[in-house]
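Residue numbering for the sequence shown is 32 to 126, as defined by my numbering. Input: a single structure, listed below in structure tokens.
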Amino acid sequence: VIVLSVVWYYSFVLFFALLIVWAAEIDIDCVRIGGKRFGDLENRSKFMDSFSLSWNTFSTVGYGSTYPALSGESAQGTDGMDGRCAFISFITSFE
């Protein structure tokens with residue numbers, strides 16, 4: 032039972048990590064790593080950062096250095112209400 036629970040847990044984390052990679056490819060400004068854009072850090076993969084965000088969200092630990100950006104934090108957003116990051120917000124809220 033415990034092994035099955037762990038397999039299910041990591042399956043969900045992996046599934047949502049892949050969704051986060053997809054959402055971030057749609058709008059790269061919607062995921063931040065230490066205040067920088069998704070994929071801008073050297074020696075880090077997008078999947079690794081997405082897995083970190085998924086695990087933090089799914090385990091309810093809370094956001095660390097990787098977090099979904101508000102549209103106001105993006106390069107083009109100004110007021111945070113333009114809905115540019117709605118997809119990533121939906122994914123992390125649903126998770």
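Quick reminder that beta carbons are idealized off the backbone N, C-alpha and C, glycines included.
Check whether residue i and residue j have beta carbons under 8 Å apart
i          : j          : result
residue 90 : residue 55 : no
residue 57 : residue 70 : no
CA-to-CA distance, residue j to residue i, given in whole angstroms
i           : j           : result
residue 36  : residue 68  : 34 Å
residue 87  : residue 115 : 22 Å
residue 41  : residue 32  : 14 Å
residue 65  : residue 45  : 22 Å
residue 61  : residue 34  : 34 Å
residue 118 : residue 63  : 15 Å
residue 43  : residue 85  : 9 Å
residue 73  : residue 38  : 31 Å
residue 83  : residue 76  : 11 Å
query = Do the stretch 115-125 and the stretch 42-60 touch if we need at least three Cβ pairs shorter than 8 Å?
reply = yes
ask   = What beta strand (DSSP E) runs, 3 residues minimum, are completely inside the stretch 56-97?
value = 62-64
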